[in-house]
Structures are given as C-alpha cells and as structure tokens.
Amino acid sequence: MTEQMSHVQALESEAIHIMREVAAECERPCLLFSGGKDSIVMLHLAIKAFAPAPVPFPIMHVDTGHNFEEVIEYRDRRVAETGVRLIVASVQDAIDQGKVVEETGPRASRNRLQTTALLDGIEEHRFDAVFGGARRDEEKARAKERVFSFRDDFGQWDPKAQRPELWNLYNPRVKAGEHMRVFPISNWTELDIWHYIRDENIDIPMVYYAHKRMVFERDGMWLGVTPFMTLMEGEVPEERLVRFRTIGDATCTGAVDSAATTIEQVIEEVGATRITERGATRADDRTAEAAMEDRKKEGYF
Amino acid sequence: MELLRLATAGSVDDGKSTLIGRLLYDSKSIFEDQLESIEATSEQRGSETVDLALLTDGLRAEREQGITIDVAYRYFATPKRKFIIADTPGHTQYTRNMVTGASTANLAIILIDARKGLLEQSRRHAFIASLLRIPHLVIAVNKMDLVDYDRDRFEEIRDEFTEFASKLDVADLTFIPMSALNGDNVVDRSMNMEWYEGSTLLHHLEQVHIASDRNLVDVRFPVQYVIRPQSAEHPDYRGYAGQVAGGVMRPGDEVQVLPSGFTSTITSIDTATGPIEEAAAGMSVTIRLADEIDISRGDMICRPNNAPEVSQDIDAMICWMADQGELRPGQKLAIKHTTRWARAMVKDVQYRLDINSLSRDEETQTIGLNEIARITMRTTQPLFADPYTRNRTTGSFILVDEATNVTVAAGMVLDR
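Here it is in structure tokens:
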C-alpha cells in the first residue's frame, strides 16, 4: 500500500517543484537570503531540489548594515559549506551613493531603504526571478499573493492585477526589466518551518534559541541594545533571557521572553503561543494596518 | 499528518467569512493580536459583536469597501490534519476566482443560506466544483438558527440539491445543517439540532477519506529538469527531475519516454537524502534510467503499455479569465501543459456553456471573461495528455497571451 505523504512531505515536494520550474524556465534566478529561518529553509530546499548538482543560482543578501553579528557569521559559514555564490546588496552603499536618505531620530530604521537596495540589486544583476521566503500565514496582504508574483519594471506589486494561478501550472513569463517574485514556501506556517528544521536537522543561528541579552522595552516589544539604536527617555536597558522569533533588521526586530534552548522547546513554545510572529516582534508591521501591503506595492520582499 | 486542501464557495451574505472565522477561532488558530485588531475595527464600525469576517479580508480596499477582491489562503491544523483553505469571494469575478481556488482542492464547501435555499449561485458553485473534479463536496446549510433549526427545511434543501447534483458528476456529497454565527455543528455538535446524526463540519474535514483521490494507476512523470552535475564526484550522473503526476514508480520498472517512444528501465529513484523504493503521485523525485537516451524538459515518462494520448489536436473545456479581450476562433496563444510549452491555435468554439441553466449556446463564437466553453485547438507540438476526468495534472493546461504574458484561460482536456 502506497502511503499518503505527510503534510510536511507534501509541502517540501511542492516547494522543490516550484524551484525546479524557475530554474528550468527563467534565465537569471536568484534566492533572497537574510539568514532568517525562512530563507535558511529555502536554501536547504534549493540544495535538495538540485542534488547532487550544485544550486544553479546565486543567493542575495539585502544587507541593512544593522545586523545581528551571529547572523552574519552564520551566513558566511553556510556560504562556505554549500559553495553557493553570495551577492550582497548593501543599504549602506545606497546611502553612501546618495540614492537614499537615512531616517533620523531614535525610531530611525533602514527597513524601508531595503527596497531600494533590493531593486537596485535585481536591476544590476538583471534577475528575472527572485525567490523569497514569504509565507501566506505571516500577514493578511501576503495571504492574497500568488506563488509567482509579477513585478513591473518599477518592481511594484499590483494586488488587483494578479495573474490567475491554476493547478501547479506556473507562468513565469516576463518582459525585459520586469521580474517574478517566487514564494515556494507560501503554504507553510511558522510551525511547519520549525517542524521541518527539526526533521531535517537544519543548523540555525543561535539567536533563535533562548539567550541572555541586553534589551529595552519599546512599544511593548523587547528590542536589543545595539550601536545603531538611540535610547529614548525612560527606556532602561536590562538583561533578560530572550529569543528571536523572526530575524530582520536589528533595529526593528523584537525579542520575546523565552527559556526555550532546544528545538523541541521552541516548537512547544510556538505551538502554544497566542500571538503571531509579526505581531509580536516586528515594529515594521505595526506602523499601520496596511503597512505590509504598502511596502509590498513599492517592491519590498 | 495529512494535508487537506479545501475551497470555500459562497458570498458574504451566506456567512462564508463567518464560517471560516469560526473554524479558525474554534480550532484556536486565531492569535490574540489578530483578534484584538478585528475587535478594535468592529468596535470602530459600531458593531456589537466581533465581526469574524474581518479576519479574511486582507487588503486595504477590501476593508474599506467591505468586499473581497481575490482568493485568500488560510491555514489551520488539528491534531489529525493540516488544512489549507482557498477562500474564494462570491461576487463579480466569481468564476475566475473559484476555478483558481478549486483547481488544487480535495474538497469544496458550498454555503447555502437556509432561508433562501438553493439559489442560482449555489448551482453555479456546484457546477464549477464538478467541472474542476473536486472529489468531495460539502453542502453547508447555514443560518439554521434563523429557520428555528427546522429539520424539514434542511431536508427540503438537501433533496432539491441532490436532485440537481444528479445531473453533475459529484463523487461524494455531504450535507451539514449549521449556524456559523453561533457555532452549531461547525466544531462542536449542536444542542439545537438533535435530529441531525451526521458529523460536525470539522469532524468531517478530519475524517473524509482522501488517500484514494490520487491516481495511483497510470504512471505519468513529466520531465521537469535534467540534473547533470558533471563534477569530479559525479562525472556521469544524469537524472530526470520532476513531480510524479500519476501512478507509482519503482526501480526495475520498464518505462517508455515520449515523444521519442524509446523504452528503458528505472535504475534508481533519487532524493537528496538517498535513493527510495517507490515514488507515488505528488512526490518530487529524480529518476535515473539504464539507457542513455535523449530526454529533456517537456518529455513524459510513462509505461510502455499505458501511455497518455500523443496529439496536436485538443478538445477541451476552458474557462476564460482575461479582463481584456475575448477568445475567438483563429486566435493564437501560448499553452502550458505539464512541463511543456507550445503554441496553440483555437480552431473552433463548439459551444458556450450557460453555467446557470447548464444549457449550450452553439451560436456564440466569442467567449468573454468568466465564461466557460468547449473548444478545439491545434498545437504546434504534440501534447501528452489524459482526459481531465482521469488525471487532474496531465489533463489540465493554461493558455497565455503572448503579447502581455498574462494567463488568460484554464483548460481541461476532454475524452475524445
């Protein structure tokens, strides 16, 4: 009797199919890699999709310069282990070249500036397909996005003019200057990611596990004390046992109180939590009810 | 844990968003910050109860106008199964959206308002579900609280629908009386309808038998990508990567490759973590063969005594999805079928199907947005296709406008 696939196997199989479609049909794909758990799973899937051949496209890190050290170390280690080619699209370079102006004040973030660095990177390398690790369960605008999401020559997303997407028949056709964002793990949830990391024994940066860190409270979140952040009045740093549920720019990614030091404990915690990962830890999504939708239209991940 | 993909059909008035909200809420798949956010919005709008429908409306325009623009995907899990809901809105763009959501679904839920009974719209939903060959259909007779939980009313709707469905091809039909607003028979059994002896909706979703929905008989393996590392470690490795579209493949099996017709034997079925003993429909694997034959993307691996039809003439039902422009005879389009692209010319529009009356209009030669038609096409290259009724993967295709690159139609191959 042939067994039905488990849900994680079905999701893996779907993601691998999508990656192979892109490699077969697009001329210059690339995979966005932030060092966060979703992009780590993506790189793992890419390796599995093409084994024993190497991954047939480079990875690109959109680097805000405001990083967690552990994550950059992890990135460089993974690149060395896998032999994959790394491209860095630097927000600092964009600032230095005068393409963007840095926000000022204690709430300054380079989050929005990433879009410029990302679109410049795509244009410079003439990528026609860009893999992202976005999941539909993350956010309500993402819940409506296709797996193959068309971007015009300004890199913009138009939610009202999405191509119909039927069966597993993807249409990656674009004209010069346009590109596709492709989201192979659209149908995965946060918990699926963690189960997969456990089942596949995937190495992840230690900041995902509970550790002691100097943090301060802002907008109901624990933000890490870093050289890039200015404390506002009344904000007092303290050492707490925390872990990160998402990893983005260090200035807008909050930590959660946690004692989870093993993958099993993390899964237990994620399974029991009553707050979404973006709601809990991402200042960038709290700005307005449609914050993500607005950034996506401009060309954000 | 198995994965069940379901599509929901119905309009806002039928309580569809409330039903989904209820499923997520009662299965504890809604998070506190999401609930707080919709509580605040409900209050701001002067609503006394929390409007669970707000959970599913994701885009700014939707929240502002109180409409649903596009298919949204929702996720929830119970200890038994993981569920992906394709939530398809019920207004103008209806057919296009439902066809999109239904194309990958194992099960569809069609909502009927118990007060209104079977409407034209319900018939349309059922027809699309049968056209797209969704194996399991659930008719959720909702708002039972507004008809005093009346058994006779439920049975009247059930009988009427059953009679209508006999004209369609529906394999598995289930009726559940419920009140999504109050939670009757959604997750918990209703205390108000003791006359109903069937399952609650969630129980049905957890238990419905989906293992035999896959075609495990006819081996179909569309070649997606050829893996040739040409490295020092793997100098001669040549594997054919793809997702099994039908049947079960095992090492030692004799296979035939289309279009060349050459036969060979499977020597190994590889995954990144090592060879496996069998690959069944749905699995992404890499196949190696005993003989060096020329195989590339778009080719099809099958069994020598069980091959799909190889033809450049295609009979199909299509759903036209283009906002601008109609389908008409003589038109040339790009076609994608499994992993193969070709060009197709529309030879004839045989009839347009009126999905309300199921009657055929043989006069019309142009097909517009959201219309369904039977057409014949001629392709520049042979396709290796099965009837859609036999295999949803090797029987489906999309049509793409070559000038705009937009996907303009969904197609289902007919038995000739």
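So the sequence lines, in the order shown, correspond to chains A and B.
To convert a position in the first sequence, counted from 1, into my numbering, add 9.
To convert a position in the second sequence, counted from 1, into my numbering, add 124.
All C-beta atoms, glycine included, are put in the ideal place defined by N, C-alpha and C.
Residue i, enclosing beta strand (DSSP E) - first and last residue
{"i": "F225(A)", "result": "220 to 227"}
{"i": "E7(A)", "result": "What is shown of chain A runs 10 to 310, which leaves residue 7(A) out entirely."}
{"i": "W319(B)", "result": "It is not in any beta strand (DSSP E) - W319(B) carries neither H nor E in the DSSP assignment."}
{"i": "I393(B)", "result": "387 to 395"}
{"i": "L128(B)", "result": "126 to 133"}
{"i": "S520(B)", "result": "520 to 524"}
{"i": "E273(A)", "result": "Here E273(A) belongs to no beta strand (DSSP E); instead the alpha helix (DSSP H) covers 272 to 281."}
{"i": "F508(B)", "result": "496 to 509"}
Residue i (DSSP reduced to helix, strand or coil)
{"i": "A229(B)", "result": "coil"}
{"i": "M222(B)", "result": "helix"}
{"i": "D472(B)", "result": "strand"}
{"i": "M241(A)", "result": "coil"}
{"i": "D138(B)", "result": "helix"}
{"i": "T198(A)", "result": "coil"}
{"i": "V347(B)", "result": "coil"}
{"i": "W166(A)", "result": "coil"}
{"i": "F251(B)", "result": "helix"}
{"i": "T235(A)", "result": "coil"}
{"i": "L175(A)", "result": "strand"}
{"i": "G257(A)", "result": "coil"}
{"i": "G114(A)", "result": "coil"}
{"i": "L243(B)", "result": "coil"}
{"i": "T296(A)", "result": "Reliability of the predicted coordinates at T296(A) is poor, the pLDDT of 47 falling under 50, and the value obtained from them is presented with this limitation in mind. T296(A): coil per DSSP, three-state reduction."}
{"i": "M215(A)", "result": "helix"}
{"i": "V271(B)", "result": "helix"}
{"i": "L256(B)", "result": "coil"}
Contact check, residue i vs residue j, beta carbons under 9 Å
{"i": "I459(B)", "j": "L523(B)", "result": "yes"}
{"i": "L143(B)", "j": "I233(B)", "result": "yes"}
{"i": "G257(A)", "j": "G74(A)", "result": "no"}
{"i": "Y218(B)", "j": "A210(B)", "result": "no"}
{"i": "E21(A)", "j": "L54(A)", "result": "yes"}
{"i": "M26(A)", "j": "N177(A)", "result": "According to the sequence displayed, residue 26(A) carries His and not Met. Yes, Cβ-Cβ distance for H26(A) and N177(A) is below 9 Å."}
{"i": "V262(B)", "j": "L231(B)", "result": "yes"}
{"i": "W203(A)", "j": "V279(A)", "result": "yes"}
{"i": "V251(A)", "j": "H188(A)", "result": "no"}
{"i": "M445(B)", "j": "R257(B)", "result": "no"}
{"i": "E154(A)", "j": "P168(A)", "result": "yes"}
{"i": "F66(A)", "j": "R86(A)", "result": "no"}
{"i": "A19(A)", "j": "G366(B)", "result": "no"}
{"i": "V310(B)", "j": "L147(B)", "result": "yes"}
{"i": "L175(A)", "j": "S254(B)", "result": "no"}
Proximity to residue i [Cα-Cα], best of the options
{"i": "E402(B)", "options": "G422(B), S388(B), P383(B), G376(B)", "result": "G376(B)"}
{"i": "K471(B)", "options": "D437(B), Y218(B), E244(B)", "result": "D437(B)"}
{"i": "R467(B)", "options": "N429(B), L507(B), V343(B)", "result": "L507(B)"}
{"i": "T504(B)", "options": "K456(B), S303(B), L255(B)", "result": "K456(B)"}
{"i": "V473(B)", "options": "G454(B), A164(B), S483(B), L128(B)", "result": "G454(B)"}
{"i": "L270(B)", "options": "F285(B), I236(B), R247(B)", "result": "I236(B)"}
{"i": "D228(A)", "options": "H220(A), A103(A), E277(A), M241(A)", "result": "M241(A)"}
{"i": "G142(A)", "options": "E174(A), T113(A), I194(A)", "result": "I194(A)"}
{"i": "T410(B)", "options": "A201(B), P259(B), V350(B)", "result": "V350(B)"}
{"i": "C426(B)", "options": "P346(B), T517(B), V195(B), R516(B)", "result": "P346(B)"}
{"i": "A238(B)", "options": "M373(B), D337(B), I258(B), D137(B)", "result": "D137(B)"}
{"i": "R249(A)", "options": "T260(A), V275(A), P63(A), A264(A)", "result": "A264(A)"}
{"i": "V379(B)", "options": "P428(B), A405(B), L340(B)", "result": "P428(B)"}
{"i": "A396(B)", "options": "V71(A), T262(A), A58(A), R119(A)", "result": "A58(A)"}
Where residue i meets chain D, residues with beta-carbon distance less than 7 Å
{"i": "R29(A)", "result": "Absence of chain D from the displayed structure is noted, the protein chains being A and B."}
For residue i, the first and last residue of its enclosing alpha helix (DSSP H)
{"i": "A89(A)", "result": "78 to 91"}
{"i": "K46(A)", "result": "46 to 59"}
{"i": "V136(A)", "result": "Before going further, note that residue 136(A) is Phe rather than Val in the sequence given. Counting along the chain, F136(A) falls outside any alpha helix (DSSP H), and DSSP gives it neither H nor E."}
{"i": "V31(A)", "result": "16 to 34"}
| field | Against chain A: residues of the stretch 195 to 209 of chain B by CB proximity under 8 Å | value | For the stretch 195 to 209 of chain B, which is checked against every Cβ of chain A, the residues closer than 8 Å are V195, A196, Y197, R198, Y199, A201, R205, K206, I208.
| task | Mind checking the stretch 47 to 76 of chain A against chain B and listing, in chain order, the residues whose C-beta falls within less than 8 Å of any C-beta there? | result | In summary, the residues of the stretch 47 to 76 of chain A whose CB is separated from some CB of chain B by less than 8 Å are I56, K57, A58, F59, A60, P61, A62, P63, in the order they occur in the chain.
| When you check each C-beta in the stretch 180 to 191 of chain A against every C-beta of chain B, which residues fall closer than 8 Å? | Within the stretch 180 to 191 of chain A, N180, R182, V183, K184 place their CB atoms closer than 8 Å to a CB of chain B, listed in sequence order.
| message | If the cut-off is 7 Å on Cβ atoms, which residues from the stretch 396 to 408 of chain B count as contacting chain A, listed in chain order? | response | Here the close residues are A396, E402, A404, G406, M407, S408.
| task | Using a Cβ-Cβ cut-off of less than 7 Å, give me the residues of the stretch 248 to 276 of chain A that come near chain B, in sequence order. | result | Look at the stretch 248 to 276 of chain A: it has no residue with a C-beta under 7 Å from a C-beta of chain B.
| the stretch 140 to 152 of chain A: positions lying closer than 7 Å to chain B by Cβ | Taking 7 Å as the Cβ-Cβ cut-off against chain B, the residues of the stretch 140 to 152 of chain A that qualify are R145, D146, K149, A150, A152.
| Of all the residues that make up the stretch 511 to 531 of chain B, which are near chain A by a beta-carbon distance shorter than 8 Å? | Of all residues in the stretch 511 to 531 of chain B, the ones placed with a Cβ closer than 8 Å to any Cβ belonging to chain A are R516, T517, S520, F521, I522, V524, N529, V530, T531, in chain order.
| task | Check each residue of the stretch 194 to 209 of chain A: if its Cβ is closer than 8 Å to any Cβ of chain B, include it; give the result in chain order. | result | Flagged, chain order: S195, N196, T198, L200, D201.
| query | If you measure beta-carbon to beta-carbon, which residues of the stretch 81 to 115 of chain A are closer than 9 Å to chain B? | reply | Here the close residues number zero.
| field | Short-range partners of chain A found in the stretch 226 to 250 of chain B, where Cβ spacing is below 8 Å | value | For the stretch 226 to 250 of chain B, the beta-carbon criterion of a distance under 8 Å to any beta-carbon of chain A is satisfied by S227, T228.
| Near-chain A residues of the stretch 407 to 421 of chain B - C-beta to any C-beta below 9 Å | Cβ contacts with chain A come from M407, S408, V409, T410, R421.
| the stretch 314 to 348 of chain B: which residues have C-beta closer than 9 Å to a C-beta of chain A, in chain order? | So the close ones are I334, A335, R338, L340, Q348.
| message | Residues of the stretch 162 to 177 of chain A in Cβ contact with chain B at a cutoff of 9 Å, in chain order, please. | response | Within the stretch 162 to 177 of chain A, the qualifying residues are P168, K169, A170, Q171, R172, P173, E174, L175, W176, N177.
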